[in-house]
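Visitor: All residue numbers for the sequence shown refer to numbering that gives the first Met the number 0, where the first residue is 0 and numbers rise by one. I am attaching a structure below and will ask some questions about it afterwards.
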Amino acid sequence: MQNFLSSIIPVTSRVCLSLVCLFIFFSCARKEPETLRILTAGIRHESNTFNPVLTTTKDFVIKRGSAVLEDEEWAEYLQNEGIEVIPTMHADAGPYGVVARDTYESLRSEIISKIRQAGKIDGIYLDMHGALHVEGYPDAQLDLIQSIRKELGDGVLICGSFDLHGNMSSEFVQSLNLLTAYRTAPHVDGPQTRLRAVKLLVNALRNQWKPVVAHVNVPILIPGEKGITAVEPLKSLYGHLPDIAMQEGLLDASIFVGMPWTDVPRAGMSIQVVAQDKSYLTTAQNELRRLATQLWDKRQMLQFDVPTDNIRGAVETALKSEESTVFITDSGDNTTAGAAGDNTLVLEYLISQGVRNAIVAGIVDPEAVRYCDEVGVGNEVSITIGGKIDTVFGKSLEIRGIVKMVSSYDSLTRRKPAVVELDGIDLVLLTDRRSFISPQDFEEVGLNPLDYKIVVVKLGYLFQGLRDIAPMAIMALTPGFANQAIEGLPYQHVNRPIYPLDEDMQWDFTIIY
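Here it is as structure tokens:
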């Protein structure tokens, strides 16, 4: 047969036939998909516009390159999925005053520069907080994503993970393809949220979806202490979010409680539902309408979940309590909401009333810590503390006591706390705006909070680690940059009307900012 074909088909024709067969073979062979390339970046900050002290570069912990990926579940997931991760720069600063313009612009420029050097990018994961505010910028978050879009266009999918205390503008959300937010307050699901974000992004890229986000700003402005997710009405609303995400054509749903101490038009609650593509946008909007209506109808149920009082009432209640330990939160000076952390009013009252067996953790005063270090453990100090950052609501206080402990400086955390005993009151002095949110924070200064009758911390609500051990908690409604009585704050930029500043206002879903 071969001799027969050879005799009737010219050599050149046989060569052409062979090439055609080879082409068909390789065309039909299974083509390996290209490796996905995902770039990561982030600027995390919760900005308190009532605090006049700017947040600058020195306040940020900045990670670059491979350091971004260390000990991160989301990074491990991407690497295990065979995805090429392009880490640029992640900057994270604790809550404080507005971010300085030059600081933000430097961080933004570095991110954009890395994007330009990255080559082909399939998707971007942004690790954000959501309440970033920068001096001179109406919406720095929008500016950041617009700067990214200017480099890459609309074809690259961008997914962001956020703290549920973010303030989200519609323009910013529309510039994203996907987003997801924490579902717990106090927060216990940060790592899970970031992992969920990158899984959403990978899923969308692999399925070649073009996700869209349905968004609405709900005109409710509350402190986070009235937005606890473990109590109603938010318990049920947040509990339903995973079910919404399981519906056909939907990918995720988020509820933002917002940040009330950032005086910007976008401040307040908002809701987002992510659709797989535009064909499911109506489904997303229907779920959005239902969530927003339920939230609005239950707005009066958004209340504190612990007893509240002024300083005097909180201390008197604690002293009369049969509980072995009572935690009092100095809520106006809440450092996790961007307050100064150096208000002395609660300490001054404890001293004036001769209260013993108490701890105040802590007051920010680097100069006082240095002086305690110079004097040495076991020696007496007479110093003036506090009132150096918050000069609006706070004042300095002269104290006399014995230096009980001075920690060595930790270059990683930038901490060097000291403990001074003031005739029955242990005072923790801090070099930084550190928040005592867990038993481990007390252990680091050699103290056990349950050894004291009264424990004062500069928080609003107790974080979960302290909630788990606190026999009783009282929120002291103290003055400060994180004042819980937001109805009395001098708002100038928040969109009005908004509940409860305008308590009798009417709203329905057809009114969208």
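Glycine included, every Cβ here is placed at the ideal spot set by N, Cα and C.
1) One question on the structure: do CYS158 and LEU199 come within less than 8 Å of each other, judged by their Cβ atoms?
2) Which partner residues does TYR498 have in the DSSP bridge list?
3) Return the first residue and the last residue of the beta strand (DSSP E) that PRO86 is part of.
4) Mapping the DSSP letters down to three states, classify ALA469 as helix, strand or coil.
5) Can you name the start and end residues of the beta strand (DSSP E) that GLU379 belongs to?
6) If we ignore side chains and look at the alpha-carbon of each, how far apart do TRP208 and VAL273 end up?
7) Does DSSP classify ALA475 as helix, strand or coil?
8) Please report the straight-line C-alpha distance between LEU346 and SER65, rounded to a whole angstrom.
9) Mind checking LYS394: buried by the 16 CB within 10 Å criterion, or exposed?
10) Okay, do the region 34-42 and the region 76-94 touch, 3+ Cβ pairs below 8 Å being the bar?
11) Taking the alpha helix (DSSP H) that ARG298 belongs to, which residues open and close that run?
12) Where DSSP assigns a beta bridge to GLU45, which residues make up the other side?
13) Whole angstroms is fine: what's the gap from LEU396's alpha carbon to ILE123's?
14) Roughly how many angstroms lie between the CA atoms of GLY386 and PRO438, to the nearest whole one?
15) Report the residue from ASP364, VAL212, VAL418 and MET245 whose alpha carbon sits nearest the alpha carbon of SER406.
16) GLU69: buried (16+ other C-beta within 10 angstroms of its C-beta) or exposed?
17) VAL392 by DSSP, collapsed to three states: which one?
18) Indicate the three-state DSSP secondary structure (helix, strand or coil) for THR430 in the structure shown.
19) For TYR95, which three-state DSSP category applies?
20) Give every residue of the same chain whose Cβ lies closer than 6 Å to the Cβ of THR307, excluding the five residues on either side of it in the sequence, and list them in chain order.
21) Excluding sequence positions up to five away, which residues of its chain have a Cβ less than 8 Å from the Cβ of LYS119?
22) Measuring CB to CB, does TYR95 end up less than 8 Å from ARG432?
23) Do you know whose CA, among GLU321, ASN309 and ASP450, lies nearest ILE358's CA?
24) Return the chain-ordered ranges of every beta strand (DSSP E) run that is complete within the region 325-384 and spans a minimum of 3 residues.
25) Since THR307 sits in a beta bridge, which residues does DSSP pair it with?
26) Please report the distance separating the alpha-carbon of ASP262 from that of VAL376.
27) In terms of residue numbering, what span does the alpha helix (DSSP H) encompassing THR102 cover?
28) Which whole runs of the alpha helix (DSSP H) in the region 184-221 are 4 residues long or more, in chain order?
29) What whole-angstrom Cβ distance do ARG115 and GLU150 have, given they're in contact under 8 Å?
30) Can you tell me whether GLY400 is helix, strand or coil according to DSSP?
31) Quick one: any contact between the region 455-468 and the region 321-338, if contact means 3 or more CB pairs under 8 Å?
32) Look up GLY464 in the DSSP assignment and say whether it is helix, strand or coil.
33) Spatial neighbours of THR524 within its chain, please: C-beta separation below 8 Å, excluding the five flanking residues on both sides.
34) Could you give the first and the last residue of the continuous alpha helix (DSSP H) run that contains ARG148?
Guide: Result, derived from the coordinates:
1) As a position in the sequence shown, residue 158 is number 159, starting the count at 1. As a position in the sequence shown, residue 199 is number 200, starting the count at 1. Using a Cβ distance threshold of 8 Å, CYS158 and LEU199 count as a contacting pair.
2) Stepping through the sequence shown from its first residue, residue 498 is reached at position 499. Residue pairing of TYR498 in beta bridges, as defined by DSSP: ILE219.
3) As a working mapping, residue 86 is identified with position 87 in the sequence shown. First-last of the beta strand (DSSP E) with PRO86: 83-92.
4) Along the sequence shown, one-based indexing puts residue 469 at 470. In the structure shown, ALA469 sits in coil (DSSP, three-state: anything other than H, G, I, E or B).
5) Working through the sequence shown from its first residue, we reach residue 379 at position 380. Where GLU379 is concerned, the enclosing beta strand (DSSP E) stretches over 379-384.
6) The residue you call residue 208 lines up with position 209 of the sequence shown. The residue you call residue 273 lines up with position 274 of the sequence shown. Rounded to whole angstroms, the gap between the alpha carbons of TRP208 and VAL273 is 12 Å.
7) If you number the sequence shown from 1, residue 475 lands on position 476. In the structure shown, ALA475 adopts extended strand secondary structure according to DSSP, grouped into three states.
8) Your numbering for residue 346 matches position 347 in the sequence shown. Your numbering for residue 65 matches position 66 in the sequence shown. So the alpha carbons of these two residues sit roughly 44 Å apart.
9) Position 395 of the sequence shown holds residue 394. So LYS394 ends up on the exposed side.
10) The region 34-42 vs the region 76-94: in contact.
11) The sequence position of residue 298 within the sequence shown is 299, counting from 1. Run containing ARG298: none; DSSP gives neither H nor E here.
12) The residue labelled residue 45 in the question sits at position 46 within the sequence shown. As a beta-bridge residue in DSSP terms, GLU45 pairs with ALA130.
13) For this step, residue 396 is matched to residue 397 along the sequence shown. For this step, residue 123 is matched to residue 124 along the sequence shown. Separation of LEU396 and ILE123 (C-alpha to C-alpha, rounded to the nearest whole angstrom) is 49 Å.
14) Within the sequence shown, the letter at position 387 stands for residue 386. Within the sequence shown, the letter at position 439 stands for residue 438. One alpha carbon belongs to GLY386, the other to PRO438, and they sit about 27 Å apart.
15) As a position in the sequence shown, residue 406 is number 407, starting the count at 1. Proximity to SER406 across ASP364, VAL212, VAL418 and MET245 peaks at VAL418, based on C-alpha coordinates.
16) Residue numbering aside, residue 69 sits at position 70 when the sequence shown is read from its first letter. By the 10 Å Cβ count, GLU69 comes out exposed.
17) Within the sequence shown, numbered from 1, the residue matching residue 392 stands at position 393. Rather than Val, the amino acid found at residue 392 in this sequence is Phe. Reduced to three states, the DSSP call for PHE392 is coil.
18) Numbered from its first residue, the sequence shown carries residue 430 at position 431. Correct three-state label for THR430: coil.
19) Position 96 of the sequence shown, counted from the start, is the residue given in the question as residue 95. Assigned with DSSP and collapsed to three states, TYR95 falls in strand.
20) For this step, residue 307 is matched to residue 308 along the sequence shown. Closer than 6 Å at Cβ, skipping near neighbours: MET474 and LEU476.
21) Counted from its first residue, the sequence shown places residue 119 at position 120. If we look at LYS119 and ignore the five residues flanking it on each side, its Cβ neighbours are ARG36.
22) Along the sequence shown, read from residue 1 onward, the residue named residue 95 stands at position 96. Along the sequence shown, read from residue 1 onward, the residue named residue 432 stands at position 433. Their beta carbons are under 8 Å apart, which means TYR95 touches ARG432 by this criterion.
23) For this step, residue 358 is matched to residue 359 along the sequence shown. The residue with the shortest Cα to Cα distance from ILE358 is ASP450.
24) Segments of the beta strand (DSSP E) lying fully in the region 325-384: 325-329, 357-363 and 379-384.
25) Position 308 of the sequence shown, counted from the first residue, corresponds to residue 307. Partner(s): MET474.
26) Residue numbering aside, residue 262 sits at position 263 when the sequence shown is read from its first letter. Residue numbering aside, residue 376 sits at position 377 when the sequence shown is read from its first letter. Cα to Cα, the separation comes out at about 44 Å.
27) Here the question's residue 102 lines up with position 103 in the sequence shown. The continuous alpha helix (DSSP H) containing THR102 extends over residues 100-116.
28) Runs found: 189-205.
29) The residue you call residue 115 lines up with position 116 of the sequence shown. The residue you call residue 150 lines up with position 151 of the sequence shown. Taking the Cβ atoms as the reference, ARG115 lies roughly 6 Å from GLU150, within the contact range of under 8 Å.
30) For the purposes of this step, residue 400 is taken as residue 401 along the sequence shown, with counting starting at 1. Strand.
31) Counting C-beta pairs with one atom in each stretch, the region 455-468 and the region 321-338 have three or more that are closer than 8 Å, which means they touch.
32) Here residue 464 is taken as the residue at index 465 of the sequence shown, counted from 1. It is helical.
33) The first residue shown for the chain is 0 and the last is 512, placing residue 524 beyond what the model contains.
34) Position 149 of the sequence shown, counted from the start, is the residue given in the question as residue 148. Per DSSP, the continuous alpha helix (DSSP H) segment holding ARG148 begins and ends at 139-151.
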